[in-house]
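With this note's numbering, you'll find the sequence shown wraps up at 1683, consecutive numbering, no jumps. Don't be surprised by glycine CBs; every beta carbon is placed ideally from N, CA and C. From a predicted model like this one, the values you see are computed outputs, not experimental measurements.
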Amino acid sequence: MTAWTLLSAIIAPAGFWLGYLYYKDRVKPEPLTMIGLAYLLGIGSGYLGLKAYEVAEWFGASADPFALAESHKVSFLFYCLAIIGVLEELAKFLPFYFVCLKFKAFDEAIDGFVYASAVALGFASYENLLLIGAIKGPELYGRAFASPLTHTIFASVWGYSCAWARINGKPLFGPALLGFLVAAVFHGLYDFLVLAAHPLLRPIPATTILLAWLWRIRAMERCNKATAATLIPGRSSPILNNPMEANRHE
């Protein structure tokens, strides 16, 4: 692995998306040290995710699931949903839930997007690092930028559900579980459609990611408006407790 490959396939994509996150969190930016810590936790979660696949094999999961993509599509769909989606989202979710949610700086709804995405970027970086030897040329660089994006979108589901519960003073477990399950199914279906679906269905995952990306942009902007409203002297704002209502109070 050359220094140029490491820079262009791992460091540059991670830096680009982390910079984007910091820009979007512009009203009350998170400390860079905390974002960096979340990213490092994500790298660790990538390692744990890989080990989880090995454990799954001990319990009977296929050692070569992609061989099922052509010959046993129903089995591969189950693998994508029950193994890929669950294990990878769980590996990212655990450090977010047990560490990032404890940060004192975690005090806005948008922080759910920021820290979940930072963890997801670390996970994607570790994943891409492992694939450098197996993928070459344009495919490597395309994946290097696309994989972090898709991982952050999946993670944003449980990141926001947890942030919503925390900011609103609600019990955390229910929204966290719901967000995790939705993200795991989303992730599993996406991988199945990309890897095994009929060619006519291939535009569906790209379109779905685009729609989810637009949702995330809008939700983050609403969170920024909610935070900005609380920073105006003398203004009492219910937006703090329900960021999704921001547009109604402008």
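Considering Cα atoms alone, identify which of the options is closest to residue i.
i, options, result
"His1631", "Ser1504, Val1460, Thr1583, Gly1482", "Ser1504"
"Lys1457", "Phe1578, Thr1585, Ile1650, Ile1642", "Ile1650"
"Pro1608", "Val1590, Lys1484, Val1618", "Val1590"
"Ile1600", "Ala1659, Asn1561, Tyr1559, Gly1575", "Ala1659"
"Leu1451", "Leu1439, Lys1461, Leu1465", "Leu1465"
"Ala1579", "Leu1554, Ala1515, Leu1563, Ser1594", "Leu1554"
"Glu1521", "Met1653, Ser1594, Asp1624", "Asp1624"
"Pro1581", "Thr1435, Phe1511, Phe1531, Ala1549", "Ala1549"
"Ile1642", "Ala1588, Phe1449, Glu1541", "Ala1588"
"Leu1523", "Leu1664, Thr1640, Leu1483", "Leu1483"
"Ile1476", "Asn1561, Gly1592, Thr1640", "Asn1561"
"Leu1647", "Ile1586, Glu1490, Tyr1530", "Ile1586"
"Phe1531", "Ile1565, Val1519, Glu1490, Gly1592", "Gly1592"
Buried or exposed for residue i, please, with buried defined as at least 16 other CB atoms from any protein chain shown within 10 angstroms of its CB.
i, result
"Thr1583", "buried"
"Phe1613", "buried"
"Val1507", "exposed"
"Glu1683", "Here Glu1683 scores only 39 on pLDDT, less than 50, and its place in the model should not be relied on; the value that follows carries that caveat. Counting Cβ neighbours within 10 Å, Glu1683 comes out exposed, since fewer than 16 surround it."
"Val1488", "exposed"
"Tyr1472", "buried"
"Phe1546", "buried"
"Trp1597", "buried"
"Gly1493", "exposed"
"Ala1496", "exposed"
"Phe1509", "buried"
"Gly1575", "exposed"
Hey, how far is the Cα of residue i from the Cα of residue j?
i, j, result
"Ile1637", "Leu1626", "8 Å"
"Lys1569", "Ala1538", "40 Å"
"Ala1502", "Ala1557", "22 Å"
"Glu1572", "Lys1603", "44 Å"
"Asn1657", "Val1618", "28 Å"
"Leu1514", "Glu1463", "33 Å"
"Met1677", "Arg1655", "Only weak support is given to the placement of Met1677: the predicted model assigns it a pLDDT of 42, under 50, and the value that follows is read from those uncertain coordinates. Each residue's alpha carbon lies about 6 Å from the other."
"Lys1525", "Ser1478", "6 Å"
"Leu1744", "Leu1611", "The question about residue 1744 has no answer, for the chain in this structure spans 1434 to 1683."
"Glu1541", "Phe1499", "41 Å"
"Leu1644", "Gly1448", "24 Å"
"Arg1635", "Ala1577", "20 Å"
"Lys1535", "Leu1470", "13 Å"
"Ala1639", "Tyr1512", "21 Å"
For residue i and residue j, which I take to be in contact (beta-carbon distance under 8 Å), what is that distance rounded to the nearest angstrom?
i, j, result
"Pro1528", "Leu1454", "Not a contact, Cβ separation roughly 16 Å."
"Ile1444", "Ala1551", "In fact, because the Cβ distance is near 15 Å, the residues do not count as touching under 8 Å."
"Ile1516", "His1620", "In fact, because the Cβ distance is near 11 Å, the residues do not count as touching under 8 Å."
"Tyr1559", "Tyr1486", "Not confirmed; about 13 Å, so no contact."
"Ala1661", "Val1460", "5 Å"
Confirm the yes/no value for this check: CB of residue i, any heavy atom of the ligand MN, distance under 7 Å.
i, result
"Thr1585", "Among the ligands in the structure shown, none appear at all, so the ligand MN cannot be discussed."
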